[in-house]
Amino acid sequence: MGEPQYLRYPLLPLAQSVFTLASPYADKPAKHQSLETMQNAIRENKMAPLYHYLSHPQTGKLNASGEGGSSQSPVSSRASTASKGQSPFQLLRRTSSINAPSILGVLGGKTDSSVGLPWDEALYKELQEENEKELEAIQKEEDEAVEKSGETEIASVQGKRAEYYAKIGDKEKSLAEFEKLLEKTHILGTRIDIVLAIIRIGLFFDDKVLVKKSIDRAQQLVESGGDWDRRNRLKSYTGLHLLTIRAHNLAAVPLLDSLSTFTSTELCPYSSIVVYATLAGAVALPRRDFKTKVVDAPEIRAVFGSASTEDRLAALSGSVSAGPGAESGVDTPPTSKPGPAVNLSTLGGASSSSAPAVSEEPEVDFTPLATLISSLYAGNYASFFKALATVESDFLSCDRYLYEHKAWYVREMRLKAYSQLLQSYRVVGLESMAQSFGVSVVWLDRDLAPFIAGRRLNCVIDRVNGIIETQRGGGKDGQYNDVVKQGDQLITKLQKYGQVVRLRGSERS
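Here this note's numbering runs 1 ahead of the position in the sequence shown, where the first position is 1.
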């Protein structure tokens, strides 16, 4: 089907820079670096529409007056995403940013304007003129193609216009041009590429409804005969979208599956997809799958386990562990800061053209994530709680795809640790459990209470005796309670039915 097209724009890392600039959790050096990145990108790519969208004094999203997006609470409960039977459109209600799609919608209106993108009217007009010149040149090229060339050349020019609108950050016009191009294109591979470009535009501007609809379209096209590369790309796109709508149980499978075949560098760096897959798998997978697909996954251990290329390749070849503790089989987190992550599917046999992609990977310290998954599986809960706090500050609060659901994620991970400990015992000392987690008895009591009240934990706290008693479900007692409950419901329905039948009989007489 040919090489993938329309992969360069929009520049998704730029959306992360916008998020960092406005985030209340980012420090001043990170904000200044993001500001410099944005200013350079706007000037270099002549991004007049995006500059107006972000920085205009009246309507700019980076201005308090311009960011008027709703900060309503999502229509959802604290139930786990492991629950079944909900469609992805129902899952969209879990995110408050669905109310008003915006590049800063995930912040819920809580932005920090200490470092802003200044508005320069002269610069904006200069960028506008450059845009008009480029569009006139594209229009001239299209007119010549209409007169002298065929449909393929015309479609190529129209694709250039759509991609240019995506490049300069004009959401509405780029979507309109891509839709026109999609109607006129009959090559399946190109149609998939166009829809994937629309998905990236939706991700850039955090339009979750657009992303959901476009992923459904892409899925239909791929199922009708898409090639291997585009199928794998769609897995990454789907998993990332599900992560943004708090469907971690659905996101875990495509994200973990995409690790060994990841090529979607236009979406995010390989290190980011490893982080997303690890976080989704940690909260969603049962213990056995968590061990095989996350803790011992060669792709994850190759990135988390060691800074050396040799150990990464050893992990990819199927070793249980890479880095410290590999020979002994002990789940030991790395003690040194890892180097830049690379796509292991190209490591060792990469061509010269793929070499720049390796250097573009950011320097990331994966130690907190490695400690999080290893300590959770090993039952080292004090270490787990410390790692969870670091993961929240270093990963969840700093990533635009993870930020919106960071409070929910931390709560669910605490619940998972509590459940894992309590399921092994019938009675646990409250003080002993508090020591295991490295917290006070008062804090533990207060944290367990909502989970018990919401029936997320089947246990009761006896503060007089200082114990937690687990109430195990299932077995004969559970079956008996189910029979009684269902029997009562059936009797109630039969009584209502009998009343209706008698009423209709009296009417006839």
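Heads up, the beta-carbon is just placed ideally off N, CA and C, and yes, glycines get one too. This one's a predicted model, so the numbers in the text were calculated from it and none came from an experiment.
N-terminal and C-terminal residue of the alpha helix (DSSP H) that residue i is part of
| i | result |
| --- | --- |
| ILE301 | 299 to 305 |
| GLY190 | 189 to 205 |
| GLN17 | 13 to 23 |
| TYR419 | 407 to 423 |
| GLN159 | 152 to 169 |
| GLU364 | First-last for GLU364: undefined, no H or E at that position. |
| GLU4 | From DSSP, GLU4 is part of no alpha helix (DSSP H); its letter is neither H nor E. |
| PHE396 | Counting along the chain, PHE396 falls outside any alpha helix (DSSP H), and DSSP gives it neither H nor E. |
| LEU183 | 172 to 185 |
Residue from the options whose Cα sits closest to the Cα of residue i
| i | options | result |
| --- | --- | --- |
| TYR52 | ASP194, ALA198 and TRP120 | TRP120 |
| PHE205 | PRO11, ALA163 and THR266 | PRO11 |
| THR239 | GLN480, GLU152, GLN424 and LYS214 | LYS214 |
| LEU377 | TYR426, TYR404, PHE438 and GLU405 | PHE438 |
| SER1 | ILE246, ILE274, ALA248 and ASN250 | Any answer about residue 1 is impossible in this case: the structure gives the chain only from 2 up to 510. |
| GLY306 | ALA283, LEU370, ILE155 and GLN17 | LEU370 |
| THR391 | LEU373, ALA303, VAL465 and ASN381 | LEU373 |
| LEU189 | LYS486, MET39, LEU55 and GLN6 | GLN6 |
| LEU431 | GLN424, SER441 and TYR402 | SER441 |
| ALA383 | SER433, GLU405, GLY282 and TYR410 | SER433 |
| ILE469 | THR368, THR279, GLN424 and LEU244 | GLN424 |
| ASN46 | GLU127, LEU108, SER24 and THR112 | GLU127 |
| SER375 | ASP297, VAL411, LYS161 and ALA198 | ASP297 |
| MET414 | ARG288, LEU222, ASP446 and LYS141 | ARG288 |
| LYS111 | LEU63, PRO255, GLU133 and LYS168 | LEU63 |
| TYR277 | VAL196, ILE169, TYR165 and ASP400 | ASP400 |
| CYS460 | ASP483, TYR426, THR493 and ASP489 | TYR426 |
| GLN421 | PHE291, GLN40 and VAL501 | PHE291 |
| PHE20 | GLN490, LEU445, SER398 and PHE452 | SER398 |
| ALA167 | ILE199, SER150 and GLU184 | ILE199 |
| ASN250 | GLU148, TYR410 and GLN436 | TYR410 |
Limits of the unbroken beta strand (DSSP E) element including residue i
| i | result |
| --- | --- |
| VAL107 | No beta strand (DSSP E) holds VAL107; DSSP gives it neither H nor E. |
For residue i, the three-state DSSP class (helix, strand or coil)
| i | result |
| --- | --- |
| GLY240 | helix |
| ASP290 | helix |
| ARG473 | coil |
| VAL461 | strand |
| ILE468 | strand |
| VAL147 | helix |
| GLY1 | The chain is shown only over 2 to 510; residue 1 falls outside these bounds and no answer can be derived. |
| VAL440 | coil |
| GLY430 | strand |
| PRO334 | Its pLDDT being 44, under 50, PRO334 is placed unreliably by the model, and the measurement read from it follows with that caveat. Coil. |
| ALA27 | coil |
| SER114 | coil |
| TYR378 | helix |
| ASN46 | coil |
| ASN64 | coil |
| PRO119 | coil |
| TYR498 | helix |
| LEU403 | coil |
Beta-ladder partner(s) of residue i, from DSSP
| i | result |
| --- | --- |
| THR493 | According to DSSP, THR493 bridges with nothing at all. |
Cutoff 9 Å: residue i Cβ touching any chain B Cβ
| i | result |
| --- | --- |
| ILE193 | Absent here is chain B; the protein component of the structure consists of one chain. |
Any non-hydrogen atom of the ligand FAD within 8 Å of residue i CB
| i | result |
| --- | --- |
| SER225 | This structure does not include the ligand FAD; it has no bound ligands of any sort. |
### Task
Would you mind listing the alpha helix (DSSP H) stretches within the region 242 to 278 that are 4+ residues and don't spill past its ends, in chain order?
249 to 258
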